[in-house]
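Report on the following structure.
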Amino acid sequence: MENESNYLFLDLIEIGLVRKKIFQKLSSFSDISNLGKTCSQIDFIINNDKIKKTFMCYEDKQIVEIKIKDHNDSSVYELDDVEFEKYNNSSGKLDELKVFFGERICLKSCINFYIDDVVDDFEKRERLLFVEKLVEELNFNHQIRNETKILNFMIDSFDNHDIILHTLSHICHKNIKRIEVPDSIFTASNDKYDGLNFNIFENLSQFNEFVIYATPSIEIYKRLLDNKNIIDKILENLSKKENSTIILENLYHYHNKIIPYVLFFNEISKKYNIKIKCNVNFNCNGLFLRRCKNCLYETCTFFPIRELVTSIKFENGTSHNLFSIMQNWQNFTNLETLELAISDINIKECIQNNGSSVQFLSLKNCSTLKRVKFDLRSSFKENDVLKIQEVHSNLIILMVMMPSTIEVLELLNIPDLNNILSLILNIHMENLKVLIMNRVSFKDLTFLNNLKNLECYISNDNWIIEVPSTIKLLGIGHKNNKSKDDQLSINNKIINTYSNNFSKCLKSMNDQFIFFNESKYWDIYKKLLYNI
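Here you go:
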């Protein structure tokens, strides 16, 4: 009887009108993908059918203010004296998303919790009840949040940062992989950790990445030393997770205690066989625009921890220090991601002024480098040929420097992209699979055809360019046009053009488009879109 039912369903789904009605009842491509997984014949039918759906990108952000009721003027509070007030209607937004008939894409697959705590202290016996109430208010297990991968916590107060640790010990979630916290959760007075459940991550089955946002000042470092036994116990529990990793984030080159700070965590991590990664920043804007001694080749701040550095972000700088900084990069052989943002700097002149060559800056030995981002801002007027040539020269130098291992490239603020640039790009980044563009323009609309291994192209601009047959996922953003008629015309042109290449189309209310063919890979494509 079961086989007869299966054959009957196959017969029905092969009827175009019936199939159309079935797909209309399914709200998302996730549902359609699951249907295709039930049977190879159904999967074949789905892949050859034209299907359109709507989608919504959203940021999951929740702000909770913890404050004292007006009638209380005590200095130590009980739970009845405390009230929780939610801002930005986060619960209402979640309920709206729950009934949205379409594909939901949460930015970064992340819940961002902002806790505004104005309570100085409360009775110790009430602390557990307070935490349980906070967990209830944060609403971790709302249906919309079932697939979330990242939890990010920020707290705005002078005290009680330890409540994040207490809160984590009460969370149960099957898909959370990463937790992001400020280092201040480790700097409270020792008695604030009384009663903390040190099996803090036991109800997070997929979790293995602990991100700590660093503020390595002298005062913070002293407090970490005071609480070393607490941190030791927490990291011991982390080590029970497979492939457990600590990521120290926001390590700026001008922090005065950066090396002891990193080595502190590294010592405990080694003890429990936890991998440690450092994401470092060279920010040479504002107060740090001067020639900085920490950027010189011989004295780079990060040299003592260079084997731990997996991510580098560099923003602006001057022609004096840019060469030294770029020269330093090749020493970070475990580098995985690199972001560079410069404005009105000629890299070629920097190299020549130092009597050197591009080859001297090569990152070919950085064999783990997979993702790079180049933001080449320049203040020029339209058709300023010399400035455009300077930007192109900068891009070429950066491409030549890169190892062949690059798989993801993001380009921002680059005008008049042409086929010469894409040919060079294909030579030096031959394994490039994902290309992300923002605020770019094209001189040659066949630019992508030279990228032989490209599989995904995402653009936040609505340029309509030729798409090679290697592309499996295409995302098109939008610009703010002067009239709705202009936008409607562009939308229709986008749909008509790319519907010839792809059978599946998603459109958002903000005039964003996603195109692809094989619905069985939608879950993979969706994970990729999370991280853009």
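In terms of the working numbering, the sequence shown has 518 at position 516, counting the first letter as 1, and numbering is strictly consecutive.
C-beta: ideal position from N, C-alpha, C; glycine also.
On a CA-only basis, which of 261, 273 and 34 is nearest residue 234? Give me that one, please.
Checked all of 261, 273 and 34; the closest Cα to residue 234 is 273.
Could you check whether the Cβ of residue 312 sits closer than 7 Å to any heavy atom belonging to the ligand MN?
Looking for the ligand MN in the displayed structure turns up nothing, as the structure carries no ligands at all.
I need the straight-line Cα distance from residue 351 to residue 462, nearest angstrom please.
Straight-line Cα distance between these residues: approximately 31 Å.
Let me see if you follow: with CB-CB separation under 8 Å, is residue 276 close to chain D or not?
Here chain D cannot be found, since the structure has a single protein chain.
Keeping to the same chain, check which residues put their C-beta closer than 7 Å to that of residue 254; ignore five residues upstream and five downstream.
283 and 285.
May I ask which residues mark the beginning and end of the alpha helix (DSSP H) holding residue 221?
Where residue 221 is concerned, the enclosing alpha helix (DSSP H) stretches over 220 to 228.
Could you please give me the residues that DSSP links to residue 200 through a beta bridge?
According to DSSP, residue 200 bridges with nothing at all.
Less than 7 Å between C-beta atoms, sequence neighbours within five positions excluded: which residues of the same chain meet that for residue 521?
These residues qualify, in order along the chain: 31, 34, 35, 38, 48, 49 and 506.
May I have a chain-ordered list of the alpha helix (DSSP H) segments no shorter than 4 residues that lie completely inside the region 258 to 287?
260 to 273, all fully within the region 258 to 287.
Would you call the region 103 to 116 and the region 139 to 155 in contact, with 3 or more CB pairs under 8 Å?
Yes, since at least three Cβ pairs between the region 103 to 116 and the region 139 to 155 fall closer than 8 Å, the two stretches touch.
Quick test of your reading: residue 215 and residue 252, contact by CB under 8 Å. State the CB separation rounded to the nearest angstrom.
Contact flag correct, Cβ pair sits at about 5 Å.
Kindly indicate the opening and closing residues of the alpha helix (DSSP H) around residue 532.
Its alpha helix (DSSP H) spans residues 524 to 532.
Quick one, which of 99, 305 and 147 has its alpha-carbon nearest residue 327's?
Answer by Cα proximity: 305.
Identify whether residue 42 lies in helix, strand or coil by the three-state DSSP scheme.
Looking at residue 42 - three-state DSSP - the assignment turns out to be helix.
For the beta strand (DSSP E) that contains residue 212, what are its first and last residues?
Note, residue 212: beta strand (DSSP E), 211 to 215.
Tell me the rounded alpha-carbon separation between residue 186 and residue 164.
Taking the straight line from one Cα to the other gives about 8 Å.
Helix, strand or coil, according to DSSP, for residue 67 in the structure here?
Looking at residue 67 - three-state DSSP - the assignment turns out to be strand.
Would you kindly check if the distance between the Cβ of residue 241 and the Cβ of residue 199 is under 8 Å?
No, these two residues do not count as a Cβ contact at 8 Å.
State whether the region 465 to 472 contacts the region 405 to 415, with contact taken as three or more CB pairs (one from each stretch) at a distance under 8 Å.
These segments do not touch.
Throw me the rounded Cβ distance for the residue 504 and residue 476 pair, which I believe falls under 8 Å.
Contact flag correct, Cβ pair sits at about 7 Å.
When the Cα atoms are used, what is the spatial distance from residue 66 to residue 237?
So the alpha carbons of these two residues sit roughly 28 Å apart.
For residue 190, which residues of its own chain have a beta-carbon under 7 Å away from its beta-carbon, when the five flanking residues on both sides are left out?
Closer than 7 Å at the Cβ level, and outside the excluded window around residue 190, lie 163 and 164.
Using DSSP with H/G/I as helix, E/B as strand and the rest coil, what is residue 366?
Note: residue 366 maps to coil in three-state DSSP.
Can you list, in chain order, the residues of its chain with a C-beta nearer than 7 Å to that of residue 479? Leave out the 5 residues immediately preceding and following it.
Hits under 7 Å: 461, 462, 463, 464 and 514.
Below 6 Å CB to CB, which residues in the same chain sit around residue 325 once its five sequence neighbours on both sides are set aside?
Closer than 6 Å at Cβ, skipping near neighbours: 352 and 356.
Using 8 Å as the threshold, is the C-beta distance between residue 146 and residue 109 below it?
No; because the gap between Cβ atoms is not below 8 Å, this pair is not in contact.
Bridge partners of residue 328, per DSSP?
In DSSP, residue 328 forms no bridge with anything.
Apply the 10 Å Cβ neighbour rule to residue 207 and answer buried if 16 or more other Cβ atoms are within range, or exposed otherwise.
Per the 10 Å Cβ criterion, exposed.
Tell me the rounded alpha-carbon separation between residue 389 and residue 442.
For residue 389 and residue 442, the distance between alpha carbons rounds to 14 Å.
Note down, in chain order, each residue of its chain lying with its Cβ closer than 8 Å to the Cβ of residue 258, except the 5 sequence neighbours on either side.
Hits under 8 Å: 218, 219 and 220.
Would you say residue 383 and residue 412 are within 8 Å of each other, going by their C-beta atoms?
Result no, Cβ atoms of residue 383 and residue 412 do not sit closer than 8 Å.
Compare the beta carbon distance of residue 338 and residue 371 with 8 Å and say whether it is the shorter of the two.
It is a contact, given that the beta carbons lie within the stated cut-off.
In chain order, what residues of the same chain have a beta carbon less than 6 Å from the beta carbon of residue 334, not counting five sequence neighbours either side?
Same-chain partners within the cutoff: 308 and 311.
Out of curiosity, what's the CA-to-CA distance linking residue 363 and residue 396?
Distance between the alpha carbons of residue 363 and residue 396 is about 13 Å.
Going by CA-CA distance only, name the one from 239, 439, 14 and 181 that's closest to residue 2.
Look at the range of the chain in this structure, 3 to 534, and you will see that residue 2 is not part of it.
Closest by CA to residue 213, which one among 231, 193 and 178?
Of 231, 193 and 178, the residue nearest in Cα terms is 178.
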